[in-house]
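Only one structure is covered here, and it is reproduced in the block below.
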Amino acid sequence: MNQSNERTEGKQKLQDLLAWLMDKKMYIVVVLLAAGGFYYANRQPAADNSALLSSSQSMSENSGQGLQSSSVSSVAASASSAASAANAEVVCDISGAVKHQGVYRLKNGARLEDLIEKAGGLTKDAQLQAINRSQLLKDQDKIYIPGKGDKMEAAQTANSAAASAPASSPSASASSVSSSTSGAASGDLINLNTATASDLQKLNGIGEKKAEQIIAYRQEKGAFKSIDELKEVSGIGDKTFAAIKDQLTI
1 MNQSNERTEG KQKLQDLLAW LMDKKMYIVV VLLAAGGFYY ANRQPAADNS ALLSSSQSMS
61 ENSGQGLQSS SVSSVAASAS SAASAANAEV VCDISGAVKH QGVYRLKNGA RLEDLIEKAG
121 GLTKDAQLQA INRSQLLKDQ DKIYIPGKGD KMEAAQTANS AAASAPASSP SASASSVSSS
181 TSGAASGDLI NLNTATASDL QKLNGIGEKK AEQIIAYRQE KGAFKSIDEL KEVSGIGDKT
241 FAAIKDQLTI
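Here it is in structure tokens:
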């Protein structure tokens, strides 16, 4: 009896619940739609954020590769520049108290000592106190090594002028030496042991050919020991010598 009543009550409650649901179905539908919309709205930004993160990572990787490529290119360019500098040469002219006067090629960064060695070394009458064998050479330097009887002051001035000329203006070395050693344009004396062919041609009666003969004699015989020795050069007679002797020094 009790079980029958309980079943009846259970069925009645179920029927009441169904009736309530049917009565409230519009509210239930609205609630479900709202819940679904809320879920969808929260899920969409997450997907967008995921796509944005993926795009940022891709851009970062591409940027990193670009920087790495740029760094490699810079290193390669620096290495190439260093190699070019290491392979560069300087061409220098040396005369005076050395065994083999002339023009020599040396590696960039060479010192005066290296040039002297190329020229066969110093002669016995070389005045070491007048030169700096550690001097750094530059392209187109003109070096004169004074010997016994030479005026050391003139030789030191010539070499100092060549050493101080800027590397970017190779011709400055030659012009500085000319102005320091001869100064013919300003009325100074011409130094037979350091003058260039151009300097010698400023003397009365000395043309290009005679200037070259004087330099050839100096390179073959060494520095002039006296002004009178100039008369031993082919083409320089007593008359020519008398006209220029007051303009000369050694």
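Residue numbers for the sequence shown follow full-length UniProt numbering, beginning at 1 and rising by one. We treat Cβ as the ideally placed atom computed from N, Cα and C, and that holds for glycine.
Query: In three-state terms, what does DSSP make of residue 251?; Result: The question about residue 251 has no answer here: the residues shown for the chain are numbered 1 through 250.
Query: Assuming Leu106 contacts Asn132 (C-beta within less than 8 Å), just tell me the rounded distance between them.; Result: Leu106 to Asn132, Cβ: 16 Å. No contact.
Query: Under the rule that 16 or more other beta-carbon atoms within 10 Å means buried, what is residue 257, buried or exposed?; Result: Residue coverage of the chain in this structure runs from 1 to 250, which leaves residue 257 outside it and unanswerable.
Query: What is the rounded straight-line gap between the Cα of Gly10 and the Cα of Ala19?; Result: 14 Å
Query: For Leu33, count neighbouring Cβ atoms within 10 angstroms of its own Cβ and tell me buried if that reaches 16, exposed if not.; Result: exposed
Query: Could you compute how far the alpha carbon of Thr240 sits from the alpha carbon of Gln127?; Result: 31 Å
Query: Rounded to the nearest angstrom, what separates Val95 and Gly207 at their Cα positions?; Result: Checking the sequence shown, residue 95 turns out to be Ser, not Val. Computed Cα separation, rounded: 22 Å.
Query: Quick one, which of Gly36, Ser134, Ala223 and Asp23 has its alpha-carbon nearest Lys124's?; Result: Ala223
Query: Please confirm if the stretch 137–153 is in contact with the stretch 186–195, defined as three or more CB-CB distances below 8 Å between the two stretches.; Result: yes
Query: Out of Leu136, Ile28 and Ala130, which has the shortest C-alpha to C-alpha gap to Pro146?; Result: Ala130
Query: Asp246 by DSSP, collapsed to three states: which one?; Result: helix
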